[in-house]
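What follows is a short report on a single structure.
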Amino acid sequence: MDLGRGPVARTQWIVRTIVASRTVRITALLAAVGLSLWNVDRVPHTSVLPAMAGLLPFAVGKYLLCPLRWHALSRSGRSRRWHLRAYAESEVLGLVSPWHAGADLWRIHRLERIGARRPAAVSEVALDRFVGAVGLVVAVAVCGVAMPRAVLAVALGAAAVVLAAALVVNRRRPGLAGRWPWPSPKIFAMGVLLSIGYQLTILGLLIGAINAVGDSVSAMQLVAIFGVSQLAGVLPGVHGASPREGALVAGLASIGVSWTAAFGAVALTALLYWIPALLLGGGALLLRWRGWFTEPRPGTT
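Number 1067 marks the last residue of the sequence shown (the working numbering); no jumps.
Put into structure tokens, the structure is as follows:
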């Protein structure tokens, strides 16, 4: 009997049980929503109108620009409308899962349903995520805000590792690399531009939420805070109560926003995410379950 591996195996079993438990996930989601409502209610003066003004461009960025980026990078051969629906559906599942992982799993599932092999589907969704991360770093640089050296080193280091791995695979396994969705420089640049546009819409939503709670902040300072907080998204958490929201609250407080307003603005932003997700993604899922959308015959992608 290996006593050294006993506690490790037991810990892994506990973690898997918690993640797989529907009761735990629902409880965490309700707790996150309740925490957001409590933080918003604590703000003395809240006006929803500025936040709603920032919600419209965010919905365009999230549910139009991001699916168009995925469509540009995809080799599935499906229409833009198909990608718009699949992306909207995935966002509902992403909001109720740690790391937003449910969104990626749903997109992979949808690609498999139309005949894509799992490695190709996984690599396509991973590529879309990577291009989105590149767009975030470029957006911060374009706005003229210097990211902290440690943050910039982590971002550039991750990009260098991915690029090095891609070059090694392309040289040693050209047959395998040929089946991966390698984009052309033009398509890659288009994806980065769409990502930058999406990041700007998030900033618009944040600015609207901050104004809604009666405070204000410099857009340039907000870009730096937002870029740093996104890196905290690699840690597990549920939407509305994740390390990313915590880092954003701390960042807003560091640039002069009161703690009450910072908690209220971030909580309001987390709540507003649900409006387009339920209307667009939830509506698409409901229509799919009712049989309004029919999948094309599976092929080989």
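For glycine and all other residues, C-beta sits at the position ideal for the given N, C-alpha and C.
Select from the options the residue whose C-alpha is nearest the C-alpha of residue i.
| i | options | result |
| --- | --- | --- |
| Ala905 | Gly868, Ile962, Glu890, Leu871 | Ile962 |
| Phe1058 | Ala817, Trp836, Arg851 | The residue asked about is misnamed: residue 1058 is Trp in this sequence, not Phe. The residue with the shortest Cα to Cα distance from Trp1058 is Arg851. |
| Val989 | Ile973, Ala978, Phe1029 | Ile973 |
| Ala985 | Ile1021, Arg1010, Ala1016 | Ile1021 |
| Val826 | Leu960, Val888, Leu1053, Leu893 | Leu960 |
| Tyr829 | Leu969, Tyr964, Trp1055, Asn977 | Tyr964 |
| Phe896 | Pro949, Tyr853, Arg883, Gly1048 | Pro949 |
| Ile953 | Asn977, Leu902, Asp894, Thr967 | Asp894 |
| Ser840 | Ala1036, Arg873, Leu902 | Arg873 |
| Gly993 | Ala978, Leu966, Gly980, Ser1008 | Leu966 |
| Glu1011 | Ala1027, Val983, Thr1026, Ala1036 | Ala1036 |
| His837 | Pro823, Trp865, Ala887 | Ala887 |
| Ala1027 | Arg847, Leu1052, Gly980 | Gly980 |
| Trp865 | Pro1009, Arg884, Leu1052 | Pro1009 |
| Phe824 | Arg884, Ala1043, Ala899 | Ala1043 |
| Ala978 | Ser995, Phe1029, Arg1054 | Phe1029 |
| Ala819 | Arg1056, Leu969, Gln987, Trp1055 | Leu969 |
| Gln996 | Arg1054, Arg1056, Gly898, Leu1052 | Gly898 |
Is it the case that the Cβ atoms of residue i and residue j are separated by a distance below 9 Å?
| i | j | result |
| --- | --- | --- |
| Ala1031 | Ala975 | yes |
| Glu890 | Ser842 | yes |
| Asp870 | Gly881 | no |
| Ala817 | Leu1014 | no |
| His849 | Leu831 | no |
| Val814 | Leu1034 | yes |
| Ile1041 | Leu821 | yes |
In the DSSP assignment, find the unbroken alpha helix (DSSP H) run with residue i in it and report its ends.
| i | result |
| --- | --- |
| Pro1009 | 1009-1020 |
| Gly860 | 846-861 |
| Tyr964 | 951-978 |
| Gly1030 | 1025-1038 |
| Arg835 | 832-839 |
| Trp1055 | 1049-1055 |
| His875 | 867-879 |
| Leu1045 | Segment: none, Leu1045 is in no alpha helix (DSSP H) and carries neither H nor E. |
| Val826 | 814-826 |
Pull up the CB-CB distance for residue i and residue j, whole angstroms please, since I reckon it's below 8 Å.
| i | j | result |
| --- | --- | --- |
| Glu855 | Ala1050 | 5 Å |
| Val862 | Gly1048 | The Cβ separation is near 11 Å, so there is no contact. |
| Leu1018 | Val983 | 7 Å |
| Val958 | Gly901 | 5 Å |
Within 9 Å (strictly less), CB to CB, does residue i reach chain D?
| i | result |
| --- | --- |
| Ser1020 | Given the protein chain composition of this structure (a single chain), no chain D is represented. |
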